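Residue numbers (our numbering), protein chains in the order written: chain L, 23 to 472; chain W, 23 to 472.
2 protein chains.
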Amino acid sequence: MPKPAAGTDRITLLDAAHVVPVRPVRGSLPNHSVAIQGDRIAGLMPTREASQRWPDARHVDLTHHALLPGFINAHTHSPMTLLRGYADDMALDTWLREHIWPVEARFVDSGFVEDGTRLAVAEMLRSGTTCFNDMYFFPGSTVEVCREAGMRINAGLTIIEMKSSWAADVEAYIEKGLRLLEQWQGQPGVNFALAPHSPYTVSDGTLERIEQLSARHGLRVHMHLLETEWELKQSLQQHEQTPLERLKRHGLLNQRLTAVHMTQLTADDIEDVAEAGASVVHCPQSNLKLASGFCPVAELSDAGVNVALGTDGAAANNDLDMLGEAQTAALLAKGVAVDAKAVNAFQALEMMTVNGAQALGLEEIIGSIEVGKQADLCALDLDAPRMHPLHHVISQLVYAAASAQVTDVWVAGRRLLKSGALTTIDEAAVIHSAAHWRDRMARFGAAADH
Amino acid sequence: MPKPAAGTDRITLLDAAHVVPVRPVRGSLPNHSVAIQGDRIAGLMPTREASQRWPDARHVDLTHHALLPGFINAHTHSPMTLLRGYADDMALDTWLREHIWPVEARFVDSGFVEDGTRLAVAEMLRSGTTCFNDMYFFPGSTVEVCREAGMRINAGLTIIEMKSSWAADVEAYIEKGLRLLEQWQGQPGVNFALAPHSPYTVSDGTLERIEQLSARHGLRVHMHLLETEWELKQSLQQHEQTPLERLKRHGLLNQRLTAVHMTQLTADDIEDVAEAGASVVHCPQSNLKLASGFCPVAELSDAGVNVALGTDGAAANNDLDMLGEAQTAALLAKGVAVDAKAVNAFQALEMMTVNGAQALGLEEIIGSIEVGKQADLCALDLDAPRMHPLHHVISQLVYAAASAQVTDVWVAGRRLLKSGALTTIDEAAVIHSAAHWRDRMARFGAAADH
Chain L
23 MPKPAAGTDR
33 ITLLDAAHVV
43 PVRPVRGSLP
53 NHSVAIQGDR
63 IAGLMPTREA
73 SQRWPDARHV
83 DLTHHALLPG
93 FINAHTHSPM
103 TLLRGYADDM
113 ALDTWLREHI
123 WPVEARFVDS
133 GFVEDGTRLA
143 VAEMLRSGTT
153 CFNDMYFFPG
163 STVEVCREAG
173 MRINAGLTII
183 EMKSSWAADV
193 EAYIEKGLRL
203 LEQWQGQPGV
213 NFALAPHSPY
223 TVSDGTLERI
233 EQLSARHGLR
243 VHMHLLETEW
253 ELKQSLQQHE
263 QTPLERLKRH
273 GLLNQRLTAV
283 HMTQLTADDI
293 EDVAEAGASV
303 VHCPQSNLKL
313 ASGFCPVAEL
323 SDAGVNVALG
333 TDGAAANNDL
343 DMLGEAQTAA
353 LLAKGVAVDA
363 KAVNAFQALE
373 MMTVNGAQAL
383 GLEEIIGSIE
393 VGKQADLCAL
403 DLDAPRMHPL
413 HHVISQLVYA
423 AASAQVTDVW
433 VAGRRLLKSG
443 ALTTIDEAAV
453 IHSAAHWRDR
463 MARFGAAADH
Chain W
23 MPKPAAGTDR
33 ITLLDAAHVV
43 PVRPVRGSLP
53 NHSVAIQGDR
63 IAGLMPTREA
73 SQRWPDARHV
83 DLTHHALLPG
93 FINAHTHSPM
103 TLLRGYADDM
113 ALDTWLREHI
123 WPVEARFVDS
133 GFVEDGTRLA
143 VAEMLRSGTT
153 CFNDMYFFPG
163 STVEVCREAG
173 MRINAGLTII
183 EMKSSWAADV
193 EAYIEKGLRL
203 LEQWQGQPGV
213 NFALAPHSPY
223 TVSDGTLERI
233 EQLSARHGLR
243 VHMHLLETEW
253 ELKQSLQQHE
263 QTPLERLKRH
273 GLLNQRLTAV
283 HMTQLTADDI
293 EDVAEAGASV
303 VHCPQSNLKL
313 ASGFCPVAEL
323 SDAGVNVALG
333 TDGAAANNDL
343 DMLGEAQTAA
353 LLAKGVAVDA
363 KAVNAFQALE
373 MMTVNGAQAL
383 GLEEIIGSIE
393 VGKQADLCAL
403 DLDAPRMHPL
413 HHVISQLVYA
423 AASAQVTDVW
433 VAGRRLLKSG
443 ALTTIDEAAV
453 IHSAAHWRDR
463 MARFGAAADH
């Protein structure tokens with residue numbers, strides 16, 4: 023049966039205690055309803071008015087809830103959920119060389135990526151995330167899992183000068199990436215970015231190719247940048263330029279750049295990034311856990327840079343919880359700036375919604391509750407002791423709410439989490455498969471120890 | 023009916039997937055049971071063995087759970103839950119003078135303290151906390167709510183050179199405090215500390231009195247110390263000594279001191295604190311949110327100082343979630359020390375359990391799952407996507423678990439949270455009363471704006 027055109031779908035009204043649209047309204051609206059028609063937002067108005075306007079609408083009772091735009095995780099490596107807690111509390115170098123890379127070399131294949139992505143999507147939907155910006159091997163498998171689950175994805179076409187089970191060399195990474203692009207182009211909910219791993223893992227020649235591909239296909243470039251002091255020193259030694267100068271030289275410091283981490287920035291760098299119109303993705307918990315350094319979020323924001331928020335992979339976090347990440351971002355920014363006014367609750371909320379959409383080039387279709395945008399939404403239950411008294415809704419969401427309060431999530435109008443239950447993912451099977459991977463890795467770890 | 027002696031009570035066996043005793047075992051024990059008899063822990067052994075030893079025991083099925091010592095919140099102002107989110111994102115001075123102090127002056131009375139404490143205890147029990155170290159006005163009201171709810175408390179006998187609705191002057195604070203001590207002495211679950219607010223709010227004469235009272239009654243001294251740079255400068259200006267030097271001069275830098283915050287420490291200070299055997303309470307989220315500074319947790323621990331963990335009051339956090347606090351503490355310590363090995367997962371767990379017990383002088387009776395100690399326990403459900411795969415139990419609890427997974431809590435053998443429901447607190451009534459206080463404060467705030 024052909025799906026009716028969006029305009030003729032029956033209206034669903036989400037009747038919420040508080041709607042937090044983020045744009046254009048920057049506050050919270052009590053007793054408002056969001057109308058969904060097909061995959062889009064068809065209205066936002068007081069509940070009483072909405073009921074009169076659409077008397078035949080279906081209703082979803084969210085009168086004990088806050089309704090927000092779905093969260094956008096602007097940087098993660100979703101399949102790495104299978105390595106959550108595999109190795110912790112180590113220096114970055116030991117962690118990568120002795121633990122993460124060996125286990126990845128042994129286990130990563132399309133099955134690992136499918137199972138890891140499904141676990142990640144389950145966790146993300148449960149915590150209110152409706153779209154994520156991914157970077158890993160076998161991105162086609164990640165896209166397929168997202169399509170099957172109804173999750174929105176911005177998939178990275180990974181490029182790295184390193185042989186993997188996914189591709190043998192840079193040419194193969196690029197070729198496989200472009201094939202995926204062709205295969206999925208125009209499919210709803212699926213978008214792509216070029217994803218060179220980092221300045222220290224791609225050559226000058228490859229950076230040139232990436233610039234050309236980005237311009238030709240209108241693709242954004244999603245890249246780790248200035249994560250550690252080591253990276254800065256290594257670049258100065260090898261290239262006699264900072265990583266940022268190198269990207270600039272290759273024409274990559276522009277409004278299509280999504281630079282992740284950025285803990286090593288001078289005042290001049292911040293000005294350059296602002297002028298170029300590039301986006302920065304801040305991953306505070308990962309930066310802390312790996313002792314990478316502090317991203318100057320308040321200064322970047324003050325300079326007009328679009329700062330989004332990412333969890334990084336679960337191996338370095340160890341969860342994909344955007345509410346927790348936003349709270350850490352708001353708190354840490356104050357400590358780092360020595361200013362309790364830095365990154366207020368609303369700015370933290372922008373970082374996980376509209377700013378994320380902009381960092382993915384999707385600001386026209388997601389990131390806020392506005393008529394015409396995709397119906398990507400999440401509802402949080404306000405009936406917990408930690409939510410009371412409710413003096414200020416947005417402050418409460420950022421500083422006191424926990425992701426377990428997320429009860430309902432819609433992506434493109436489809437209810438993927440319904441009163442606390444996932445509707446498109448078999449959670450027991452996902453957990454069972456994770457246990458299977460754990461057992462295999464435990465045997466491998468035990469063998470490696472002998 | 024008289025309660026039978028502990029030794030004759032029927033045994034209850036908590037059969038857990040993983041028991042994390044913290045002491046003396048420093049790892050996790052799979053398929054173990056904790057035996058409770060009366061208010062105490064009577065055994066810890068493999069479940070099969072426990073069932074044979076006590077064939078008539080009652081069983082609680084925790085075979086999808088981790089069982090831990092209850093968390094100890096080593097610094098909070100519990101009634102301030104009613105001011106949660108009342109004012110955020112402001113400089114400390116504006117926040118206190120223009121918002122917190124005026125609203126406290128208008129509203130704080132024994133009713134406010136009772137309702138705020140009840141809300142705090144509900145939130146703490148729901149997140150696995152079984153004991154807290156409190157500092158506020160009307161401590162007798164806080165103690166009464168705890169007795170009624172079955173919560174363990176270390177109540178601060180607040181002393182401050184400032185008139186309040188609780189006491190007119192220092193003499194009155196001390197006299198009322200000593201009366202409470204007499205009234206509650208020896209009651210199970212109720213302990214006390216002297217709680218001078220801070221060096222800048224008590225005179226030299228008062229510090230002298232406090233030293234005498236501490237020695238005479240064997241009371242610990244719970245005090246804000248070196249929270250901000252302002253405090254350090256003010257002390258140098260007024261006393262020509264740092265706050266730490268001043269406490270030392272008055273004989274208060276000793277093993278009975280529980281010093282909260284400690285963000286302004288030199289290497290010599292750290293050595294002094296270690297030598298004195300004083301405890302430090304780290305409140306990372308409050309220090310970040312108020313931009314107070316960074317407590318050098320890794321250096322303090324390395325020097326052998328006992329570091330416990332506190333949430334501070336909900337007005338400056340904005341929750342009382344010890345798991346969240348422990349995660350922030352472990353992450354932030356790495357960032358501040360520029361060392362990914364600083365404060366590992368087990369150390370973070372110690373900070374919220376045994377170290378907390380020591381900071382309260384209760385290390386003989388709580389803080390770990392050891393035979394003879396009080397049965398203060400919490401169980402976390404491991405069946406959530408964010409808990410999988412389960413490579414390492416303790417890492418998962420600190421870096422990935424969320425407090426919403428806490429399903430069951432026992433204090434002194436009494437089950438105060440049972441499969442997610444509070445057994446001694448009427449949660450709906452608590453939330454209703456919080457809404458009532460919010461309405462009153464909103465009217466006051468609106469009036470103040472005119």
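Even for Gly, the Cβ is constructed at its ideal location relative to N, Cα and C.
Since the structure is predicted, the reported quantities are computational estimates derived from the model, not experimental observations.
Proximity winner among the options, relative to residue i (alpha-carbon distances)
| i | options | result |
| --- | --- | --- |
| Leu438/W | Pro407/W, Arg119/W, Asp83/W and Cys400/W | Cys400/W |
| Leu266/L | Met463/L, Ala177/L, Ile63/L and Leu287/L | Leu287/L |
| Ile182/W | Asp78/W, Leu229/W, Val360/W and Asp448/W | Leu229/W |
| Met102/W | Thr85/W, Asn53/W, Asp137/W and Lys198/W | Asp137/W |
| Gln349/L | Ala190/L, Thr445/L and Ser417/L | Ser417/L |
| Gly332/L | Ala325/L, Val360/L, Ser301/L and Ala359/L | Ser301/L |
| Val303/L | Ala397/L, Ala88/L, Asn53/L and Phe154/L | Phe154/L |
| Asn53/L | Gly199/L, Arg45/L, Glu71/L and Pro46/L | Glu71/L |
Residue-level contact to chain W via CB, residue i, 8 Å cutoff
| i | result |
| --- | --- |
| Ala9/L | Since the first and last residues shown for chain L are 23 and 472, residue 9/L lies out of range. |
| Ala520/L | Since the first residue shown for chain L is 23 and the last is 472, residue 520/L is missing from the structure and cannot be characterised. |
| Ser100/L | no |
| Glu408/L | At residue 408/L the sequence reads Arg, which differs from the Glu that was named. Closer than 8 Å to some Cβ of chain W, the Cβ of Arg408/L qualifies, so yes. |
| Tyr222/L | no |
| Val452/L | yes |
| Trp76/L | no |
| Arg460/L | yes |
| Glu321/L | no |
| Gly357/L | yes |
| Ser425/L | yes |
Own chain, CB closer than 6 Å to residue i, minus 5 neighbours either side, in chain order
| i | result |
| --- | --- |
| Lys356/L | Ala362 and Ala364 |
| Leu354/W | Pro306 |
| Arg80/L | Thr34 |
| His121/W | Ala109 |
Residue-level contact to chain C via CB, residue i, 8 Å cutoff
| i | result |
| --- | --- |
| Gly107/W | Of the protein chains in this structure, namely L and W, none is chain C. |
Residue-level contact to chain L via CB, residue i, 8 Å cutoff
| i | result |
| --- | --- |
| Arg148/W | yes |
| Glu449/W | yes |
| Asp111/W | yes |
| Asn328/W | no |
| Phe154/W | no |
Beta-carbon separation (whole angstroms), residue i vs residue j, contact threshold 8 Å
| i | j | result |
| --- | --- | --- |
| Ser50/W | Val415/W | 4 Å |
| Met344/L | Thr151/L | 5 Å |
| Met173/L | Leu147/L | 7 Å |
| Gly92/W | Gly435/W | That pair is no contact at about 12 Å. |
| Glu449/W | Ala144/W | 6 Å |
| Pro221/W | Ser257/W | 6 Å |
Sequence-distant residues of its chain with Cβ nearer than 7 Å to residue i (five each side left out)
| i | result |
| --- | --- |
| Val125/L | Leu105, Tyr108, Met463 and Phe466 |
| Met157/L | His99, Gly178, Thr180, Ala217 and His244 |
| Arg278/W | Ser236, Arg242 and Val243 |
| Gly17/W | No answer is possible for residue 17/W: it lies beyond the span of chain W, which begins at 23 and ends at 472. |
| Asn377/L | Asn328, Val329 and Ala330 |
| Val192/W | Ile181, Glu183 and Thr228 |
Residues near residue i in its chain [Cβ-Cβ closer than 8 Å; skip 5 each side]
| i | result |
| --- | --- |
| Asp78/L | Arg32 and Ile33 |
| Gln427/W | Leu402, Asp403, Leu404, Ala406 and Met409 |
| Pro43/W | Leu51, Leu66, Pro91, Ser390, Ile391 and Glu392 |
Residue i beta carbon near the ligand ADP (any heavy atom closer than 7 Å)
| i | result |
| --- | --- |
| Leu241/W | The model depicted lacks the ligand ADP and carries no ligand whatsoever. |
The stretch 95-106 of chain W in contact with the stretch 326-343 of chain W per 3-pair CB rule at 8 Å = yes
task = Count the C-beta pairs between the stretch 280-299 of chain L and the stretch 238-249 of chain L that are closer than 8 Å, then say yes if the count reaches three, no if not.
result = With a cut-off of 8 Å, the stretch 238-249 of chain L and the stretch 280-299 of chain L count as touching, because enough Cβ pairs lie within range.
query = Is the number of C-beta pairs between the stretch 180-200 of chain L and the stretch 379-391 of chain L that are closer than 8 Å three or more?
reply = Contact fails: fewer than three Cβ-Cβ distances are below 8 Å.
task = State whether the stretch 58-73 of chain L contacts the stretch 406-421 of chain L, with contact taken as three or more CB pairs (one from each stretch) at a distance under 8 Å.
result = no
key: the stretch 207-221 of chain W / the stretch 158-176 of chain W touching (three or more Cβ pairs under 8 Å)   = yes
task = May I ask you to verify whether the stretch 307-323 of chain L touches the stretch 260-279 of chain W, counting CB pairs closer than 8 Å and requiring at least 3?
result = no
ask   = At a cut of 8 Å, does the stretch 435-453 of chain L reach the stretch 367-374 of chain W through at least three beta carbon pairs?
value = no
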